[in-house]
Each structure stands twice: as structure tokens, then as C-alpha cells.
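Counting from 1476, one number per residue, gives the positions in the sequence shown under the numbering used here. Beta carbons: idealized from backbone N, C-alpha and C, even for Gly. Data block below; observations after.
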Amino acid sequence: ELEGKLAKSDETVSSLESSVSSLKKLKISGYVQGRYEWHDDAVDGWENYKQQNRFTVRHGYLSARYEGKYSEYYLQFDGNTSEGFVAKDIEASVIEPWTPLKIKLTFGQFKVPFGYEIGQSDADREMPERAAVITGIFPSDRDRGVRLQAKYDVLNLRVALVNGAGIKDPTDKNGFTVNGYAANAFKTVVGRMGVDLGYLAGGVSGMWGKTLETGKNPLADYDYTTYKYYEQLRLGADVQATIDWSGLGRMTLRGEVIWARKKNLDYNDLEADPCRDSRSFGWILTLVQNIGDYAGVAVRLDQYDPSLSGSIPGSCVEKAKKGDAIDKRDGDRLTRLGVAALLHASANLKLTLSYEHPWEQSASKANDIVVAQMQVRF
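Encoded structure:
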């Protein structure tokens, strides 16, 4: 009788061990960023609500990752003030464990593998928002498609074939693609080749493809969709270096440059318009100095020029003047200086107080921004 009871106990323990082993492969995590924003150009009134001094939830991430021997699943949602509750990352991956290349093939929705700052987590970034060149050239930091990742020694590669239009579509009143499909029959190739030596890392990135942009004609009295067909090329380079100062803490230096060209093409019976062509350029310089184990200071200087000097034909400017419209693209360069004080109160709690001052190439504006943010993660 005792032997029978012991056998049943062994079966129970084996069953529990199997269940625990499966649960160990599933990891639930997330974080919430609550903040207060002060805008120097805030104006009372409904029409200016986006510039109001306000409390807001910038991010509320909930993530689930299941890691098996040959496969991986990742799902991440974000609940925030501006978008509501939306799916950010939906990834299904196959992993090969036989070679030293650590190859991973992913289908789904993921961050565009370009440069450094796009891939940096919102939880780890020192400044509250990405630099202007990132948000300007990549209004959507995610896309849908297939991605290949590989590593060998100090080298790493990420390359993807994606829709090219991001996960947002201006034809949708909510800003997202209708029924989950991008209005684009063309595809885009994007990737980054990097090297990581520990104290020094960096990479070069490229993106090329053709996209069909859709929108609403604001001059039409009826529901009329406009189409613009573009060829897009983006090139970038990034570098990160770390230095450990004895008695003070780690200092990190980061730099990134991005150049982009956008060329309007013929589409069916619509002829290409050279006045829609553009060349953009931007750069980011960031310095982060840790002070002891809990505090830190970050300084970021970035610049973004959506229309490089000479990239707009003079005939286009004259055309805009004759139509009683002013072409402001030749003076739209923006430079920003940001400073942030960081406090890592614990492994789960991070406090940030930041100040940003922009300089416009055209008439200067009073549009400084102060952000106080608390981040709690689990």
C-alpha cells in the first residue's frame, strides 16, 4: 500500500515538474509611463488641445514571450492616451539551434530594423521622445513582413522584407491600416549590419522600396481618395561607445546619421510631379553619464532637415507663389537640445525630468517642453 502511494506521489511530482517547465518558457512583463507635460506654446481652447499642459499616459505596455527550443512567440500591447489600446508587436519566429549563426526567421509585425534609436526600447531611452529625424523620416517605427536575424562572433545582421507603408494609413480616421492591410501592393527591403565589441558598437543601415500613399483631397466636396506613388531610399550609420569612470560611473556616447530621398513616380495615368520630390538629412548626438548606481544625466543634440537646401527646384517655389501658397520647405530645418536628469530608484522604478529647447531655421518660436515622467516596470 505504501509503495502504491509513493508511486502516485512520483507521478504527481513529474506532472508538476512538466507544468512548471512549460510555464518557465512563458514570460510576462511590461511597464507604465505616466507623465506631466508643459509646453511653452500651449494655448487654451479645444483647437490647441495637443499642445496643452497636461497629464498623460505615454505608454502602458503589456508583453508576453514564449521561448521554445525551435520557436518563439512574442505579443506586445500598448495602452496610451493618444492611440488607446493597440497591438504593437506580433511576432512568430523559427529558431535554428544547430549552427553558430543563431538564425531566427520572424513573420508578423515588428520594429523596422534600421539604425539604433528605432530599435531602442521606450523604457531604456533617456529622453521622453525619439529625435526629430526618427519621427520625421519614420512616422511609423513598425511594419509588417518577414525578418531574418543572424549573429556570428562580433557581427550581427537584421534584414526584413516589409510592406513599406508602416502600420498607419492616413485614409483611416484612426490612423491605422484598414482591416490590417497596408494600401500598398509594393514591398520594401530594410536592414542593418552591425558589429559589437562590447565597449564599442555600431552599424550601417539601408532601406529601399516603392510605396503608394493614399489620402483625402481636402478640396473635394465628396469622398475622394488621392494617390501618390514614391520610390524611397534611406541610408544610415550609427555608433555607440562606453567608458567606465572609476568612482563616478559609466559614460555612454552615441551618434547616428540618416539620409533619405523620396522620388515621385508615374502611377497609372497620373504623371510624376518633381515638386513632390525631397531629400532629407538628420543626425543625433547623445551623452549619458551615470552617477553612482542610481542617478544619471543625459544630454541630446539632434537636427532634422526635411528638405535639404537645393533639393526643391526653383520652378516649384514659383509655382507655389503663383498659387498664393508659400513653399516653406526650404527653411524647415529643426535643431533641438535636450537635457534630462535620471533617477533609478530601484530595478523597477525610474524617474525622469527633461527639458528641450528647439531652434527653427525660419522664425523662432517659444515652444520649449518640460516633461516629468515616472516609469514602473515588472
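Across the structure, Asn-1528 and Leu-1812 are spaced so that their CA atoms are roughly 20 Å apart. Separation of the CB atoms of Gly-1681 and Lys-1662 is rounded to 15 Å, and the pair is thereby denied contact status at 8 Å.
When the five nearest sequence neighbours on each side are left out, the beta carbons in the same chain lying within less than 6 Å of the beta carbon of Asp-1671 are those of Val-1629, in order along the chain. Sixteen is the threshold: when 16 or more other Cβ atoms of the shown chains lie within 10 Å of the Cβ of Trp-1758, as they do, the residue is buried. DSSP assignment within the stretch 1554-1589 yields the following whole beta strand (DSSP E) runs of 3 residues or more, N-terminal first: 1559-1570 and 1579-1586. In the three-state reduction of the DSSP assignment, Lys-1483 falls in the helix class, which pools H, G and I.
Between Leu-1632 and Ala-1625, the C-beta spacing is below 8 Å.
Residue state for Lys-1499 is assigned as helix, using DSSP reduced to three classes. Taking 8 Å as the cut-off, the Cβ atoms of Gly-1505 and Tyr-1536 count as close. Cβ contact annotation for Glu-1688 (same chain, cutoff 7 Å, sequence separation greater than five): Lys-1703 and Tyr-1705, in chain order.
Non-local C-beta neighbours of Ala-1822 in its own chain, meaning closer than 7 Å and more than five positions away in sequence, are absent. Cβ-Cβ distances below 6 Å link Trp-1734 to Leu-1710 and Phe-1756 in the same chain, with the five nearest sequence neighbours on each side left out; the list follows chain order.
Out of Glu-1831, Gln-1778 and Leu-1817, the CA that lies nearest to the CA of Arg-1808 is found in Gln-1778. The continuous stretches of alpha helix (DSSP H) do not include Ala-1598, and DSSP gives it neither H nor E. Annotated three-state conformation of Leu-1477 is helix, per DSSP. Here the C-alpha atom of Thr-1531 lies approximately 13 Å from the C-alpha atom of Val-1845. Per DSSP, the continuous alpha helix (DSSP H) segment holding Gly-1611 begins and ends at 1607-1612.
With a cutoff of 8 Å on beta-carbon distance, Lys-1579 and Ser-1568 are scored as near each other. Under DSSP, Ile-1733 shares a beta bridge with Gly-1711 and Gly-1757. Residue state for Val-1488 is assigned as helix, using DSSP reduced to three classes. In the same chain as Glu-1604, and ignoring 5 residues on each side of it, the C-beta atoms closer than 8 Å to its own belong to Thr-1610, in chain order. For Pro-1833, the enclosing beta strand (DSSP E) starts and ends at 1824-1835.
Here Lys-1626 is bridged, per DSSP, to Asn-1631.
8 Å or more divides the Cβ of Ile-1593 from the Cβ of Ser-1615.
Assigned with DSSP and collapsed to three states, Arg-1529 falls in strand.
A contact between stretches requires three or more CB pairs, one per stretch, nearer than 8 Å, and the stretch 1479-1490 fails this requirement with the stretch 1825-1835. No Cβ-Cβ contact shorter than 8 Å links Tyr-1627 with Pro-1588.
Per DSSP, reduced to three states, the secondary structure at Ser-1721 is coil, with no helix or strand assignment. For Glu-1571, same chain residues with a beta-carbon under 7 Å away, outside a window of 5 residues either side, are Ile-1578 in chain order.
Shown here, Arg-1617 sits in a strand according to DSSP, grouped into three states. It is roughly 22 Å from the alpha-carbon of Ser-1790 to the alpha-carbon of Tyr-1742. Non-local C-beta neighbours of Lys-1738 in its own chain, meaning closer than 6 Å and more than five positions away in sequence, comprise Glu-1706 and Asp-1752, ordered along the chain. Between Arg-1852 and the set Asp-1599, Arg-1754 and Glu-1731, the nearest pair of CA atoms involves Asp-1599. Each residue's CA atom was taken as its position, placing Asp-1618 and Lys-1825 some 29 Å apart. Nearest neighbour of Arg-1736 by Cα position, chosen from Asp-1713, Leu-1745 and Phe-1613, turns out to be Phe-1613.
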